Amino acid sequence: MSKVHHVAVLVGSLRKASINRKLALALAELAPASLKLEIVEIGDLPLYNEDIDLDQPPEAYSSFRAKVKAADALLFVTPEYNRSVPAPMKNAIDVGSRPYGQSAFSGKPGAVLTASPGAIGGFGANQHLRQSMVFLDVPMMQQPEAYLGSAGSFFEEAGMLGDGIKPFLQKFITAYAGWVEQHVKS
Ligand SMILES: Cc1cc2nc3c(=O)[nH]c(=O)nc-3n(C[C@H](O)[C@H](O)[C@H](O)COP(=O)(O)O)c2cc1C
Numbered sequence: 001m002s003k004v005h006h007v008a009v010l011v012g013s014l015r016k017a018s019i020n021r022k023l024a025l026a027l028a029e030l031a032p033a034s035l036k037l038e039i040v041e042i043g044d045l046p047l048y049n050e051d052i053d054l055d056q057p058p059e060a061y062s063s064f065r066a067k068v069k070a071a072d073a074l075l076f077v078t079p080e081y082n083r084s085v086p087a088p089m090k091n092a093i094d095v096g097s098r099p100y101g102q103s104a105f106s107g108k109p110g111a112v113l114t115a116s117p118g119a120i121g122g123f124g125a126n127q128h129l130r131q132s133m134v135f136l137d138v139p140m141m142q143q144p145e146a147y148l149g150s151a152g153s154f155f156e157e158a159g160m161l162g163d164g165i166k167p168f169l170q171k172f173i174t175a176y177a178g179w180v181e182q183h184v185k186s
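Below is the structure:
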């Protein structure tokens, strides 16, 4: 079998019952054997402030950057807040992008999936996140786009992934595995 690629998964919602976290875990289950998905937590990152990042960065910054740097690829799974990227996710992007010239993200293949109980599936957050990551030299998968609306109905009462959304998640993660294979730096 070819090499297993480690994927750092960033989830943009901090709440326990997050639909997006459940989707990230479902993607980890559905991923082909060439990918190993692991959530890198972002909830304990202090709000980005250059003043505290000079001589001795906070431990949370250093450990987050190290985990992202150790990964081969990136996957962002996030809701939309006020038609844009939720603050914890944007903060994680800002932390990972610094110090200047040493971005933890640079060159790693990426993809974004947004999900919302609303109708347009986090389209605004998806496009805003894509904009930041393209600037940060992350080749972002173009297709299939993943704006998942009506996401409140994806999981059954017991927490099981429903059959309705499963084929799309399978298609998405299979395409992403191909994207990673194509763009990963050896
Ligand atoms: C501050 C805030 C802003 C929100 N703005 C949007 C929005 O712009 N578009 C949208 O579709 N849903 C919006 N929502 C609803 C979220 O999509 C919904 O709470 C979703 O379940 C959050 O994802 P999660 O289940 O992964 O936590 C917003 C929720 C919050 C708390």
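Under our numbering, the first residue of the sequence shown is numbered 1, with each subsequent residue one higher.
Cβ atoms here follow ideal geometry from the backbone N, Cα and C, with glycine treated the same way.
None of these values were measured; they are calculated from a predicted model.
Tell me where the alpha helix (DSSP H) around lysine 166 begins and ends. Indexing the sequence shown from 1 puts residue 166 at position 166. Run containing lysine 166: 166-183, per the alpha helix (DSSP H) assignment.
Using a threshold of 8 Å, state whether the C-beta atoms of phenylalanine 154 and leucine 161 are closer than that. Reading the sequence shown from its first residue, position 154 is the one you call residue 154. Reading the sequence shown from its first residue, position 161 is the one you call residue 161. Taking 8 Å as the Cβ cut-off, phenylalanine 154 and leucine 161 qualify as a contacting pair.
Indicate the three-state DSSP secondary structure (helix, strand or coil) for leucine 54 in the structure shown. One-based indexing of the sequence shown puts residue 54 at position 54. Residue state, collapsed to three classes: coil.
Given this structure, state the Cα-to-Cα distance separating aspartate 72 from glycine 12, to the nearest angstrom. Locating residue 72 in the sequence shown gives position 72, where the first residue counts as 1. Locating residue 12 in the sequence shown gives position 12, where the first residue counts as 1. Roughly 20 Å separates the two Cα atoms.
Which residue from Pro99, Ala26, Ile19 puts its Cα closest to that of proline 167? Along the sequence shown, one-based indexing puts residue 167 at 167. Of the candidates Pro99, Ala26, Ile19, the one whose C-alpha sits nearest the C-alpha of proline 167 is Ala26.
Any chance the CB of isoleucine 39 is under 7 Å from a heavy atom of ligand 1? Reading the sequence shown from its first residue, position 39 is the one you call residue 39. No, Cβ of isoleucine 39 sits at least 7 Å from all heavy atoms of ligand 1.
Per the DSSP calculation, serine 2 is bridged to which residue(s)? Walking along the sequence shown from the start, residue 2 turns up at place 2. For serine 2, which the question treats as bridged, DSSP gives no partner whatsoever.
According to DSSP, is lysine 36 helix, strand or coil? Within the sequence shown, residue 36 is the residue found at index 36, counting from 1. It is a strand residue.
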